[in-house]
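In the numbering used here, the protein residues as written are 6 to 91. See structure below.
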């Protein structure tokens, strides 16, 4: 156990799921050439994150995610954030 009066770090956890449906075709035109992008029509995203205070003025947070969609589309990534307040 922690000594009396000592602060213990507090950690918050999160879990997020998203289902995305998109039938639109995205495109960008620059003069005569046009770039077309066809996103996944159905995509499932799962995101897991945590955040916590590691000192009086320092907070750390981050998440990782994965996406799987129609047409063999898939991906993953993440983010880490450190903030300090004075």
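Heads up, the beta-carbon is just placed ideally off N, CA and C, and yes, glycines get one too.
Closest in alpha carbon position to residue 83, among 36, 38, 23, 55, is 55.
When the alpha-carbon of residue 81 is set against those of 49, 16, 35, 34, the nearest one is in 49. Residue 16 and residue 33 have their alpha carbons spaced roughly 43 Å apart. For residue 53, the beta-bridge partners assigned by DSSP are 20, 69. Taking C-beta atoms as the reference points, residue 74 and residue 47 count as a pair closer than 8 Å.
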